[in-house]
Amino acid sequence: MILVEDLHHTYGPDRAQPVPALEGINLRIPDGEYVVIIGRNGSGKSTLAKHLNALLLPTQGDVWVNQMNTKDPQYLRAIRQTVGMVFQVPDNQLVATVVEEDVAFGPENMGLARQELRERVDEALAAVDMTDYRKRPPHMLSAGQKQRVAIAGVMAMRPSCLVLDEATAMLDPRGRREILDTVRRFHLQGVTVIAITHLMNEAAEGSRVIVLDRGAIAMDGTPREVFGQTDRLRQLGLDVPPVTQLAEQLHRRQPSFPATLISVEECVEQLCRFPQSEGTAA
Amino acid sequence: MSSVIQVEDLHHTYLPGTPFEAVSLRGVNMRVDEGEIVAIIGPTGSGKSTMIQHLNALIRPQKGRVIVLGRDVSEESLDLKWLRSRVGMVFQSPEQQLFEQYVGDDIAFGPRNLGLDRSQVRQRVRQAMETVGLDFEGFKDRLTFSLSGGEMRKVAIAGVLALQPQILVFDEPTSGLDPETAREFLARIREWHSRQRLSIILVSHDMEAVALLADRIYVIAEGRSVREGTPREIFSQCDLLRGCGLDIPQIAQVMYGLRNRGWAVRLDVLSVFEAEEELGRRIDFARPLAEQSCEPVQPVR
C-alpha cells in the first residue's frame, strides 16, 4: 500500500522564487488498484509520481511505500524495487544494445543468480509480448515496442506497483492500445497501477481517477463518478471523453438513457436498447 | 487555387548501401494548396517525419520531386535560409529546443539570423508573442527554464512564427498538453490560419484534432501515401485505418459499432453534435426500451 500524508513539494525552496508544486496531498492507494491521475499541465502530477519511488523527497509530509518512509535512506533500494516507473520517452530509458540485455539491466543490479535472472527476463519479455524480439537492437523497434521493452525492464524487477508517467503520449493509436493491454494484464495479476495521462479515454480504463489541481487533489472517485461532472472537470482544465459528452446529450433528450457512459462499447450497448425509428433499419 | 507544396513519388532510404540500410519512403505523393490545412496521419515509423523534413530541405530527395513555393528543393542553388524562413517547422515537444536563457532572446534568434535590425527584431518578437498568447512585457525577460510546459511550447512556436513563414508544419502539436491547453492551441492554429492565410500541415495521432481542423487528410503507411480525402471520407473507413495501426475519432467509433450491429447509421460523423443529430433521426426515443437487445456481434475496440 502507498500512503501519502500531507505531502508538500517545493522546487528551489532556497531560491528567490520558490515554486510550490504540491500543497498538502493526502492519498491512500491500496494494493491492486488501477489509479489514473489527470490534471492540467503544471498541476503536480509528475511531481507526485516521482515521490512514489523516492526520486523526489517531501519538502514537508511523508510518503510511505509498504510502511517504508521514502525519507529513510536505508529503504531506498527496497522502495525502488517495489515501485517501478515508466516515463514518456522510451528512448530515454533504454540502455543496452540488445533487447534482452536491456530488460536484464535492472534485475542484474539486484545481484540475482544467473538462473533467476534468465527466468525473470524471459517472463517479463513474455508478459509484454516481446519474446520474438529478444535479440534485436531496441533502436530498430517501433515506439510502442520500445515502450513495451521499457515496461519489461521495470517488471523484471518484480515491483508490486507500476507507475506510468504519460507512457503513451508519444505513441500512435496501436502503440497506445498495446501498452494499455499490457498494463491491464499486469493489473489483473495483482500489480498496483498508477498512470498519469492527458487522454481522457485512457483515464476511463482505471478503477479510480484522481484529479489534481494546483498541487492539491480536486476530485477522487471512480471514472463514472468523476466523468459524470463535466462542468467541474472543465473548470479544472480537463474534459470528458467524447462518448461521455454524447451520452450526456442523449440523456437530456431521453432521461432513461444513462447520463454517464465512459466507453464506446457501453454506449453502443445502451443505444441498442432503443428501437430504431420506422424505415431506418439496415 | 495554386499549390504551395507538391510532393511527387518521393523515396528515401536511410544509410543506403550499409548493413543498416532502412527504407523509409517508397513513393509518397502529396499536394498542399495555398491556405489549406492538410493533416498527415500514419502509424509510428510510416515515414511521416522523414517526409516533412524534406519540406525545408533538412533532407534532400533521393528520388522523386518536392516543390515548395515553386522551388524544387533538389536544386543545388536553392537558398536554404529563404526556404527555412518560409516553411516554419514546429517539431514534436518543441519546448525541448529552447536554448536561450531569456524568453525574448529565444524568440529573437530566428529573426536576428535573418539579418533584421534591432527594432524589426523587437517588432517581430512582440507580434509572435502576442499571436501565441504570451504578454510581451510580462514574458520577454522571464527565464525560459522557469516556465511551465505549456508556456515553453508557446515560446517555441513564437520562435517559429517570428520568421513569418507562409507554411507552418506542426508535428504532434497537442501531445503532452492537457485538454484545455490542447483545445486552446487548436483554436489558435485555426485563428492564425484564417488571419494570415497560412498553409498548415498537421502531423498528428490525435484523430479528434485532425477531424476538427483538417480540410484534407493524407494517410501514410509503410512509406507510401495510401489514401487522400476529407476527414469525412477518411474517417468513415474504419477498417482501413485500423489495418494501418490508426484509429477513428471516438464518436465515429460509436457509429461504427452501431453499423456492426446492423444499424443504417452514417459513418462520416465527426462531432458529438452531429452524432446526436444522426442518432436522434435513427432512434425512436419516444418508444419504450426494447426488452431484447440486438444480436451480440464482435465487440468493437
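Quick mapping for you: the protein sequence lines, in order, are chains A and B.
Going by the numbering used here, the first residue of the first sequence is number 1, and it counts up by one from there.
Going by the numbering used here, the first residue of the second sequence is number 283, and it counts up by one from there.
Note that the Cβ used here is the ideal one computed from N, Cα and C, for glycine as well.
- Coarse secondary structure for B:Phe467, derived from DSSP in three states: Walking along the second sequence from the start, residue 467 of chain B turns up at place 185. Of the three classes helix, strand and coil, the one that applies to B:Phe467 here is helix, per DSSP.
- Task: Pull up the DSSP beta-bridge partners for B:Ser507, would you.
- Result: One-based indexing of the second sequence puts residue 507 of chain B at position 225. B:Ile502.
- Message: I'd like to know if B:Gly243 contacts chain A, where contact means its C-beta is closer than 9 Å to some C-beta of that chain.
- Response: Outside the displayed range of chain B (283 to 583) lies residue 243 of chain B, so it cannot be described from this structure.
- Which runs of the alpha helix (DSSP H) spanning at least 4 residues fall entirely within the region 521 to 575 of chain B, listed in chain order? 532 to 542 and 554 to 564
- Is it the case that the Cβ atoms of A:Pro241 and B:Met489 are separated by a distance below 9 Å? In the first sequence, counting from the first residue as 1, residue 241 of chain A sits at position 241. In the second sequence, counting from the first residue as 1, residue 489 of chain B sits at position 207. Not closer than 9 Å, so no.
- From which residue to which residue does the beta strand (DSSP E) around A:Thr192 run? Position 192 of the first sequence holds residue 192 of chain A. Here the beta strand (DSSP E) through A:Thr192 covers Thr192 to Ile196.
- Message: Let me make sure I understand the geometry here. Which of B:Ser507, B:Ala503 and B:Glu515 has the alpha-carbon closest to that of B:Cys526?
- Response: Counted from its first residue, the second sequence places residue 526 of chain B at position 244. Nearest C-alpha to B:Cys526: B:Ala503.
- Message: Closer than 8 Å is the cut-off here; do at least three beta carbon pairs connect the region 197 to 204 of chain A with the region 116 to 124 of chain A?
- Response: no
- Task: Would you kindly check if the distance between the Cβ of B:Phe373 and the Cβ of B:Gly441 is under 9 Å?
- Result: As a position in the second sequence, residue 441 of chain B is number 159, starting the count at 1. As a position in the second sequence, residue 373 of chain B is number 91, starting the count at 1. No, the Cβ-Cβ distance between B:Gly441 and B:Phe373 is not below 9 Å.
- Task: Measure from the alpha carbon of B:Leu480 to the alpha carbon of each residue in B:Val305, B:Arg353, B:Val320 and B:Phe302, then state which is nearest.
- Result: What you label residue 480 of chain B is simply residue 198 of the second sequence in a count that begins at 1. Nearest C-alpha to B:Leu480: B:Val320.
- Return the residue from the list A:Ser277, A:Thr97 and A:Gly215 that minimises the CA-CA distance to A:Gly42. Locating residue 42 of chain A in the first sequence gives position 42, counting from the first residue. Per the Cα distances, A:Gly215.
- Excluding the 5 residues preceding and the 5 following B:His475 in the sequence, name in chain order all residues of the same chain whose CB lies nearer than 7 Å to its CB. Taking the second sequence and counting its residues from 1, one reaches residue 475 of chain B at position 193. Excluding residues within five positions, the ones whose Cβ falls inside 7 Å are Ile319 and Ile482.
- Message: Let me see if you follow: with CB-CB separation under 9 Å, is A:Glu265 close to chain B or not?
- Response: Here residue 265 of chain A corresponds to residue number 265 of the first sequence, with the count starting at 1. Chain B contact via Cβ: present.
- Task: Answer with buried or exposed for A:Pro30, where buried requires no fewer than 16 other C-beta atoms within 10 angstroms of its C-beta.
- Result: On the first sequence, residue 30 of chain A is found 30 positions in, with the first residue counted as 1. Label assigned to A:Pro30: exposed.
- Query: Who are A:Thr10's beta bridge partners in DSSP?
  - Reply: As a working mapping, residue 10 of chain A is identified with position 10 in the first sequence. Paired residue(s): A:Pro20.
- Check the Cβ of A:Gln93 against every Cβ in chain B and list those closer than 7 Å, keeping chain order. To locate residue 93 of chain A, count along the first sequence from 1; it is residue 93. Chain B residues near A:Gln93: none, gap ~16 Å exceeds 7 Å.
- Query: Hey, how far is the Cα of B:Ala469 from the Cα of B:Asp387?
  - Reply: What you label residue 469 of chain B is simply residue 187 of the second sequence in a count that begins at 1. What you label residue 387 of chain B is simply residue 105 of the second sequence in a count that begins at 1. B:Ala469 and B:Asp387: Cα-Cα distance of roughly 27 Å.
- chain B within 9 Å of A:Gln229, Cβ atoms only: Walking along the first sequence from the start, residue 229 of chain A turns up at place 229. No - not a single Cβ of chain B is within 9 Å of the one on A:Gln229.
- Message: Can you confirm whether the region 32 to 47 of chain A touches the region 58 to 67 of chain A when touching is taken to mean that 3 or more C-beta pairs between the two stretches lie within less than 8 Å?
- Response: no
- Going by other Cβ atoms of all chains shown within 10 Å of its Cβ, with 16 needed for buried, is A:Pro107 buried or exposed? Residue mapping note: residue 107 of chain A aligns to position 107 of the first sequence, counting from 1. A:Pro107 should be labelled buried.
- Item | chain B within 9 Å of A:Gly175, Cβ atoms only | On the first sequence, position 175 is the one that residue 175 of chain A refers to. Yes, contact with chain B.
- Could you check how far apart the C-beta atoms of A:Thr47 and A:Leu57 are, in whole angstroms? I think they sit under 8 Å. Position 47 of the first sequence, counting from 1, holds the residue named residue 47 of chain A. Position 57 of the first sequence, counting from 1, holds the residue named residue 57 of chain A. In fact, because the Cβ distance is near 11 Å, the residues do not count as touching under 8 Å.
- Task: Taking A:Ser263 and A:Ala204 to be in contact with their CB atoms under 8 Å, please state how far apart those CB atoms are, rounded to whole angstroms.
- Result: Sequence index remark: in the first sequence, residue 263 of chain A carries index 263 (1-based). Sequence index remark: in the first sequence, residue 204 of chain A carries index 204 (1-based). Going by Cβ atoms, the distance from A:Ser263 to A:Ala204 rounds to 6 Å, so yes, they are a contact pair.
- Contact set for B:Gln402: own chain, Cβ-Cβ below 6 Å, skip 5 residues either direction: For the purposes of this step, residue 402 of chain B is taken as the residue at position 120 of the second sequence. So the list is empty, once near-sequence residues are dropped.
- Taking Cβ-Cβ distances shorter than 7 Å, what residues in chain B pair up with A:Met170? Your numbering for residue 170 of chain A matches position 170 in the first sequence. Those within 7 Å of A:Met170 in chain B are Ser457.
- Between B:Cys576 and chain A, is there a C-beta pair that is closer than 9 Å? Within the second sequence, the letter at position 294 stands for residue 576 of chain B. Note that B:Cys576 scores a pLDDT of 48, beneath 50, so its modelled location is shaky; the value from the coordinates is reported in the next line. Interface residue, yes.
- Message: For a test of the three-state rule: what should DSSP assign to A:Leu271, helix, strand or coil?
- Response: Working through the first sequence from its first residue, we reach residue 271 of chain A at position 271. In the structure shown, A:Leu271 sits in a helix (DSSP, three-state: H, G or I).
- Query: Does DSSP classify B:Thr295 as helix, strand or coil?
  - Reply: One-based indexing of the second sequence puts residue 295 of chain B at position 13. In the structure shown, B:Thr295 sits in a strand (DSSP, three-state: E or B).
- Given B:Pro513, which residues of its chain have a CB within under 7 Å of its CB, disregarding the five upstream and five downstream residues? The residue you call residue 513 of chain B lines up with position 231 of the second sequence. These residues qualify, in order along the chain: Val492, Ala493, Ala496, Ile499 and Leu552.
- Task: Kindly provide the ranges of any beta strand (DSSP E) runs that are 3 or more residues long and lie completely inside the region 320 to 348 of chain B, ordered along the chain.
- Result: none
- Contacting residues, own chain, Cβ-Cβ under 6 Å from B:Pro298 (five flanking each side not counted): Along the second sequence, one-based indexing puts residue 298 of chain B at 16. Taken in chain order, the list of residues that qualify is empty.
- Query: Can you name, in chain order, every residue of its own chain whose Cβ lies under 8 Å from the Cβ of A:Arg224, other than the five neighbours on each side?
  - Reply: As a working note, residue 224 of chain A is residue 224 in the first sequence. Around A:Arg224: Thr260 and Ile262.
- Message: Quick check: the Cα distance between B:Arg541 and B:Asp550, rounded to an integer number of angstroms?
- Response: For the purposes of this step, residue 541 of chain B is taken as the residue at position 259 of the second sequence. For the purposes of this step, residue 550 of chain B is taken as the residue at position 268 of the second sequence. In a straight line, the C-alpha of B:Arg541 is about 12 Å away from that of B:Asp550.
- Might you give, ordered along the chain, the residues of its own chain that have their beta carbon closer than 6 Å to the beta carbon of B:Arg506, omitting 5 neighbours on each side? Start at 1 with the first residue of the second sequence, and residue 506 of chain B comes out as number 224. If we look at B:Arg506 and ignore the five residues flanking it on each side, its Cβ neighbours are Arg308 and Gly309.
- Anything in chain A within Cβ reach of B:Ser430, meaning under 8 Å, just list it in chain order. Numbered from 1 along the second sequence, position 148 holds the residue referred to as residue 430 of chain B. Here the neighbours are Asn41 and Gly42.
- Counting contacts by CB-CB distance shorter than 9 Å, is B:Arg308 in contact with chain A? Taking the second sequence and counting its residues from 1, the one referred to as residue 308 of chain B is at position 26. Closer than 9 Å: no.
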